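Undergrad: Numbering follows full-length UniProt numbering, with no gaps: position 191 of the sequence shown is 191.
Every residue gets a Cβ at the ideal spot worked out from N, C-alpha and C, and that includes glycine.
The model shown is predicted, which means the values in this text are computed figures rather than measured ones.
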Amino acid sequence: MAILDSNPPPAADAVVAADGSGDYTTIAAAVAAAPSKSTKRYVIYIKKGTYNELITIGQNTWNLTLIGDGMDVTIITGNQSVGGGVSTTSKTGTVTVDGIGFVAIDLTIENTAGAENEQAVALLSNSDASALYRCGIRVYQDTLYAKSNRTDVSNVYYGEYENTGDGADVSGRVKWTSFHVIQDASEAAKYTVENFIQGDKWIPGTGVYFEPSH
1 MAILDSNPPP AADAVVAADG SGDYTTIAAA VAAAPSKSTK RYVIYIKKGT YNELITIGQN
61 TWNLTLIGDG MDVTIITGNQ SVGGGVSTTS KTGTVTVDGI GFVAIDLTIE NTAGAENEQA
121 VALLSNSDAS ALYRCGIRVY QDTLYAKSNR TDVSNVYYGE YENTGDGADV SGRVKWTSFH
181 VIQDASEAAK YTVENFIQGD KWIPGTGVYF EPSH
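1. Among the residues of its own chain, which have a CB less than 7 Å from the CB of LYS40, if the five just before and after it don't count?
2. So, at 7 Å on beta carbons, what are the nonlocal neighbours of LYS190 in its own chain, with the 5 sequence-adjacent residues on each side left out?
3. Name the residue from GLN198, THR206, ALA18, ASP184 whose alpha carbon lies nearest to the alpha carbon of SER213.
4. If you pair each beta-carbon of the segment 132 to 142 with each one of the segment 113 to 121, do three or more pairs fall below 8 Å?
5. Tell me, to the nearest whole angstrom, how far the beta carbon of THR61 is from that of VAL31; I am working on the premise that it is less than 8 Å.
6. Can you tell me whether GLN80 is buried or exposed? The criterion is at least 16 other CB atoms within 10 Å of its CB, across all chains shown.
7. Between the alpha carbons of GLY159 and ASP98, how many angstroms are there, rounded?
8. On the three-state DSSP scale, how would you describe THR89?
9. Going by beta-carbon coordinates alone, are GLY67 and ASP106 separated by less than 7 Å?
10. Between THR92, SER127, GLY22, which has its C-alpha nearest VAL82's C-alpha?
11. I'd like the span of the beta strand (DSSP E) that includes SER125, first residue to last.
As structure tokens, then:
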């Protein structure tokens, strides 16, 4: 998942407005009408407002963008939680994404269940080639659940290169074999947006700006 700078947003294919001034009054309805396995980006513009609904973007809904009017004014909210009776954490997401190529811009996703209600997810993502920009993700626990079975913190490669400022002292870092202090620029270059996630091949189509060498 990339969290990057932005280009001008792409034109909308569908508009959601709670006041009825768009094509749909709910986000879920707009998502349900999106094309299946689209190889082109499909953009849903969500006008400002608070949308109290649970959104599931299925595994056949590809290259979907949700774009709002700003993280403080376009808010998708829910309150599903394990403590509130949901059987598993993976079913508590306010927004659950299974389709590849998901992008969110200028909105907030939240789960308001509260700490007393145990596990509760705001955004659950199984989406490869996914990007978020100027988005808020708010919850008391499990803010972003990247449910891909590829995020075991003891096995992920951690590379640190020319880190400066507060927290730059590496003497207190974990002793995992997966943590590396990178000394060579050519080694660090393997982990740029262009080389590591092949961002130059898919990010331009999302409307999100990026620097390939960063």
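TA: Taking the structure as given:
1. Excluding positions up to five away in sequence, the list reads ASN63.
2. Excluding sequence neighbours, LYS190 sits near PHE196.
3. Here the closest residue by C-alpha is GLN198.
4. Result yes; three or more Cβ-Cβ pairs closer than 8 Å.
5. Yes, THR61 and VAL31 are in contact; Cβ-Cβ is about 7 Å, under 8 Å.
6. Using a 10 angstroms sphere on the CB of GLN80, the tally of other CB atoms reaches 16 or more, which defines it as buried.
7. When rounded, the separation of the alpha-carbon atoms in GLY159 and ASP98 is 28 Å.
8. Look at THR89 here: in three-state DSSP terms it is helix.
9. Gly is not the amino acid found at residue 67; the sequence shown has Ile there. For ILE67 and ASP106, yes; Cβs fall inside 7 Å.
10. When C-alpha distances from VAL82 are compared across THR92, SER127, GLY22, the shortest belongs to THR92.
11. DSSP places SER125 in the uninterrupted beta strand (DSSP E) bounded by 123 to 125.
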